[in-house]
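Trainee: There's a structure below that I have some questions on.
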Amino acid sequence: MTVCVVGHSNPDTDSVTAAIAYAALLNAQGTEAKACMQSEADVLNPESKLVLDRFGLTAPEALSDAAGKQVALVDFSDIGQGPANLVDAEVVAIVDHHKIGDVTTNNPILFRAEPVGCTGTVLNKMFKEAGVAIPKDVAGGMLCAILSDTVNFKSPTCTDDDKAAVAELKGVAGIDDTDALFMDMLKAKSAVDGVPAKDLLFRDYKDFDMKGNKVGVGQLELATLDQVADVREELMKAMADVKADGRHSVLLMLTDVVKEGTDLVVLSDDPAMIEKAFSGKLENASMWIDGMMSRKKQTVPNLQEAFGC
Ligand code: MN
Ligand code: MN
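So, in structure tokens, the structure goes:
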């Protein structure tokens, strides 16, 4: 059976390129595998589209139902972030850089998770350990994933391993200026013109279970907050709709990548608790948090502590 390599829902560049890279590695090691993603190619986020185009990579095929399939998970290990019926699939491998999720298996599997900034960094090590050369186009995708996940090395999740991986991958991919590449990606990612507010909210969005409370956290990485000034009201309306669908809180991180901070928009049943979690004060349902760049390393841990997880 062909192993479907798949990243999390609402796929980002890491989930897309890690699926491509790990499928390539598995195939090189004699395991038949194909890259998949939880998205149709035509609605893939604009940053990932640019990356696939730039390096001539084929978009992974859409996978929405995992029942009866052999799957390898990249960039996540939470059932809630997987395709439908993941519990009825056979998970044969996991490569990740997040906290360990709730996926369980009946058999021993390859489980490789490291506290680094990107799955691409872990995969770069795995290629080297396996003695498998990374194809040029695949290296380009992995390189972009590391730049994206680490916000061009500015995120607190970024490690020396990520920087070392970029230094190696840029040579393989034939890229001289990774700053210029990152700015191209940022411009594509942060383009909001003509995009419906709900699509913006879900562009990079995850639901979390916090002590039985459903909490959604979206993030838009922007070159400047001015980009969303005109759609702010519509964004808050979209958040209210999503919150009304059984959520305790919905947060939207409007992250200014240049100023290195986040305007945190909060709709919550308990706004005082969220204020306390971030030592901030909400005004018109938002607060500026200096230095907040990472949902995973800053926003979610603070929320988990506030909810007593
Ligand atoms: Mn990801
Ligand atoms: Mn990642």
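First residue of the sequence shown? That's 8 in this note's numbering, and the numbers climb one at a time after it.
Ideal placement from N, C-alpha and C gives every residue a C-beta, glycine not left out.
My parser needs the beta strand (DSSP E) runs of 3 or more residues fully inside the stretch 68-124; what are they?
Mentor: The stretch 68-124 contains these whole beta strand (DSSP E) runs: 77-81, 97-103 and 117-120.
Trainee: What is the DSSP secondary structure of G225, counted as helix, strand or coil?
Mentor: Of the three classes helix, strand and coil, the one that applies to G225 here is strand, per DSSP.
Trainee: Between A91 and M8, what straight-line distance do the alpha-carbon atoms span, to the nearest angstrom?
Mentor: Distance between the alpha carbons of A91 and M8: 19 angstroms.
Trainee: Looking only at C-alpha atoms, which of S55, G14 and S22 sits nearest to A195?
Mentor: The residue with the shortest Cα to Cα distance from A195 is S55.
Trainee: Quick one, are the C-beta atoms of L176 and M149 less than 8 angstroms apart?
Mentor: Yes.
Trainee: From this set, S293, I107 and V272, which residue's C-alpha is nearest R119's C-alpha?
Mentor: Nearest of S293, I107 and V272 to R119, Cα basis: I107.
Trainee: Work out the CA separation of A279 and L59 for me, nearest whole Å.
Mentor: Going from the Cα of L59 to the Cα of A279 covers about 43 angstroms.
Trainee: Pick helix, strand or coil for E47, following the three-state DSSP scheme.
Mentor: E47 falls in the coil class under three-state DSSP.
Trainee: Assuming F215 is part of the beta strand (DSSP E), what are its boundary residues?
Mentor: Y212 to M217 is the extent of the beta strand (DSSP E) around F215.
Trainee: Run through DSSP, which three-state label would L310 get?
Mentor: Three-state result, L310: helix.
Trainee: Can you list, in chain order, the residues of its chain whose CB lies under 6 angstroms from that of V68, leaving out five sequence neighbours each side?
Mentor: In the sequence on display, residue 68 carries Glu and not Val. Correct list, in chain order: C43.
Trainee: Pick out the complete beta strand (DSSP E) segments inside the stretch 136-204, 3 residues or longer, and give them in chain order.
Mentor: Runs of the beta strand (DSSP E) inside the stretch 136-204: none found.
Trainee: According to DSSP, simplified to helix, strand and coil, what is T269?
Mentor: T269: strand per DSSP, three-state reduction.
Trainee: Note down the Cα distance separating A247 from V257, rounded to an integer number of angstroms.
Mentor: Those two C-alpha atoms are separated by around 8 angstroms.
Trainee: When you measure from the CB of C151 to every non-hydrogen atom of ligand 2, does any distance come out below 7 angstroms?
Mentor: Checking the Cβ of C151 against ligand 2 gives no.
Trainee: For N17, list the residues DSSP reports as bridge partners.
Mentor: Its beta-bridge partners do not exist; DSSP assigns none.
Trainee: Judging by CA-CA distance, which residue of V99, V235, G223 and G253 is the nearest neighbour of A213?
Mentor: The question names Ala, yet the displayed sequence has Lys at residue 213. Ranking V99, V235, G223 and G253 by Cα distance to K213 puts G223 first.
Trainee: Can you tell me where the beta strand (DSSP E) holding V257 begins and where it ends?
Mentor: From DSSP, the beta strand (DSSP E) with V257 extends over S256 to D263.
Trainee: So, for D156: in the same chain, excluding its five sequence neighbours on each side, which residues have a beta-carbon less than 6 angstroms away from its beta-carbon?
Mentor: Only D21, G124 and C125 meet the Cβ criterion.
Trainee: Closest to F285 by C-alpha separation, out of L130, L208, G37 and L310, would be which residue?
Mentor: Nearest of L130, L208, G37 and L310 to F285, Cα basis: L310.
Trainee: Tell me whether the beta-carbon of Q234 lies closer than 8 angstroms to the beta-carbon of V199.
Mentor: In contact: Q234 and V199 (Cβ atoms closer than 8 angstroms).
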